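Comments concern the structure below.
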Amino acid sequence: MHVETVMIHVRFAPDGSVTEIGERPPALTPQAWFNLLSVKAADQYQTFAGGRGVFRLGRPVVEGLKGAAAAQ
């Protein structure tokens, strides 16, 4: 069984705050979604130059985190 991998792209402002992030639940700010992903999936994050990064997660993990965020 193949699990779809989701790439969640992140863009940062020069001060380090998150300006854009993919797959964000409507109830969360970009920074709050990044913070949640950082706590739950820090080992799946890769930093890039130019104030960018990406989380690589399985679709079921992303959906589970979205559900947890909605329940808050």
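The opening position of the sequence shown corresponds to residue 195 in this note's numbering, with each subsequent residue numbered one higher. Note that CB positions come from ideal geometry on N, CA and C, so glycine has one too. On a predicted model such as this, the values are computed, not experimentally measured, just so you know.
With 16 other Cβ atoms within 10 Å as the buried cut-off, status of residue i
i	result
Val197	exposed
Val233	exposed
Cβ distance (whole Å) where residue i is taken to contact residue j below 8 angstroms
i	j	result
Val256	Phe228	With a Cβ gap of about 14 angstroms, Val256 and Phe228 do not count as contacting.
Pro219	Lys260	5 angstroms
Thr213	Phe206	7 angstroms
Ala265	Leu222	At roughly 12 angstroms, the Cβ-Cβ gap does not stay under 8 angstroms, so Ala265 and Leu222 are not in contact.
7 angstroms Cβ shell around residue i - same chain, five flanking residues per side excluded
i	result
Gly293	This structure cannot speak to residue 293, because the chain is shown only from 195 to 266.
Neighbourhood of residue i by C-beta, 6 angstroms cutoff - its chain only, sequence neighbours within 5 removed
i	result
Ile202	Gly216, Glu217 and Phe249
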